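Position one of the sequence shown corresponds to residue 1054 (our numbering), numbered consecutively onward.
All C-beta atoms, glycine included, are put in the ideal place defined by N, C-alpha and C.
None of these values were measured; they are calculated from a predicted model.
Okay, so here's the structure we're looking at.
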Amino acid sequence: MRVVKRDNKVVPFEFSKLKKSIEGALLDANYSYTEADLQLVSEGAETILKEVTNDCRAASYKEIIEACSKSLKDNGFSLVEQAYRKIYISDK
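Dropping the structure here:
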């Protein structure tokens, strides 16, 4: 999978960056979590991205945010989802 960055540059997808962004929201929300929680949400977001892009086209920055938000909500982290959106939408 590939990603279209905000500057329109297309780069390879890096799971570690997706995971780090979700972890940042967990920390920002001061939410207690386990590595298993982080892995579950991150893998969920990756799966959503693959579905949205049919695993054949580059995912946009907005699609990544939406996939992470949906995975956080779907896995019971609604408060963290709000923190995620605050971080990645309000200042970008």
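Exclusion of the five residues before and after Lys1058 leaves Val1064 and Tyr1114 as the residues of its chain whose Cβ lies within less than 8 Å of its Cβ. DSSP places Ser1122 within a helical segment (H, G or I) once states are collapsed to three. In the DSSP assignment, Arg1138 falls outside any beta strand (DSSP E) and lies within the alpha helix (DSSP H) extending over Ser1131 to Tyr1141. Taken in chain order, the complete beta strand (DSSP E) segments of 3 or more residues contained in the stretch 1059 to 1112 are 1063 to 1065.
Excluding sequence positions up to five before and after Asp1081, its CB lies within less than 7 Å of the CB of Ala1136 and Ile1140, all in the same chain and listed in chain order. Around the beta-carbon of Cys1121, 16 or more other beta-carbon atoms lie within 10 Å, marking it buried.
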